[in-house]
Amino acid sequence: MEKEFHDILKSTDHRPWEMPNKKWFWYQEWNDVIFLHYQVKEEILRNFVPDFLELDSIDGSYWVSVVAFTMNQIQTRNSFPIQYFSNFHEVNLRTYVRKKDKPGVYFLSIEAEKWIPTVMAKLFSGLPYEHSNIKRYPHLYLLSGDRSKLEIDFQITKKNESPKNIDLWLTERYCLYKDDPKNQRPLEIHHKPWELFEIDLKKIEISYNKFDQYIDFNQPTLLHYSPGVKVVAWNQN
1 MEKEFHDILK STDHRPWEMP NKKWFWYQEW NDVIFLHYQV KEEILRNFVP DFLELDSIDG
61 SYWVSVVAFT MNQIQTRNSF PIQYFSNFHE VNLRTYVRKK DKPGVYFLSI EAEKWIPTVM
121 AKLFSGLPYE HSNIKRYPHL YLLSGDRSKL EIDFQITKKN ESPKNIDLWL TERYCLYKDD
181 PKNQRPLEIH HKPWELFEID LKKIEISYNK FDQYIDFNQP TLLHYSPGVK VVAWNQN
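Using UniProt numbering, the first residue of the sequence shown is number 1, and each one after it goes up by one.
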């Protein structure tokens, strides 16, 4: 794994700012990732994001994204992954924010497949993890929870050889923000650039009780698939 870590850390030309000047603490993999992106009105989005965070926009448009993937190999720098705790499916709903010169993401919802990893992820990260029933098949993703439902049947088509600015803006994010006014510093992450592919949707049924009145989740504006990235992350403090 040391070679893996070294390869990740030496790939920095794509970063918008320098990595933290301290040792990373967490390693994890985000695999088989589906991105579904939606435009949303600024005044609606503002109601769901803490005031200390600025809403980020591109060409005057504001976005949220449903991101479904499989989390693998979670471990600290000085430990090793444990099968049950380190691997699970996840679906999150995120939007795009910034504080000062650091654009990042803010999670409106995060749902994970397994009870104990969900509790541990919420405890250690401070992010709003909740448990849901999630199942994953090669080209099918299913989620059934109290607050949301999701069914995506898709087909990968071709590689996106020339990502546009919007593709990069929606995916290349290197920090996460939490709803914590007392600690507004970002959670810094690093990985190699996303390898993006285009997809066709065979079926899509998505519902978020809290947001359905504002967003038609069955009509995404943009779609991406990625085999995934290997990620290192730093503690917030």
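All C-beta atoms in this analysis are idealised placements derived from N, C-alpha and C, irrespective of residue type, glycine included.
Residue i (DSSP reduced to helix, strand or coil)
i	result
methionine 19	coil
threonine 171	helix
tyrosine 84	helix
isoleucine 8	helix
asparagine 92	strand
lysine 164	coil
lysine 3	helix
lysine 99	strand
Segment limits, beta strand (DSSP E) that includes residue i
i	result
valine 119	From DSSP, valine 119 is part of no beta strand (DSSP E) but of the alpha helix (DSSP H) over 115-125.
arginine 147	Element bounds for arginine 147: n/a, residue is neither H nor E.
residue 252	The requested residue 252 is not part of the displayed model; the chain covers only 1 to 237.
phenylalanine 107	102-112
histidine 224	222-233
Residue span of the alpha helix (DSSP H) that contains residue i, given as start and end
i	result
glutamate 42	42-46
Classification of residue i by the beta-carbon crowding that lies within 10 angstroms, buried from 16 upward
i	result
tyrosine 84	exposed
arginine 94	buried
glutamate 188	buried
lysine 230	buried
Option nearest residue i by Cα separation, candidates the options
i	options	result
glutamine 236	Asn183, Pro193, Ile199, Tyr225	Asn183
isoleucine 34	Leu127, Tyr137, Asp179, Lys164	Tyr137
residue 268	Lys203, Lys22, Trp26	In the structure displayed, the chain extends from 1 to 237; residue 268 sits before or after that span and is not available.
isoleucine 8	Phe197, Lys41, Pro193	Pro193
leucine 222	Asn160, Glu43, Asn87, Phe52	Asn160
arginine 185	Glu195, Arg173, Lys102, Asp216	Lys102
valine 67	Asn87, Phe48, Ser162, Asn31	Asn31
Quick one: which unbroken beta strand (DSSP E) runs of 3-plus residues sit fully inside the stretch 46-79? Chain order, please. Whole beta strand (DSSP E) segments, 3+ residues: 62-76.
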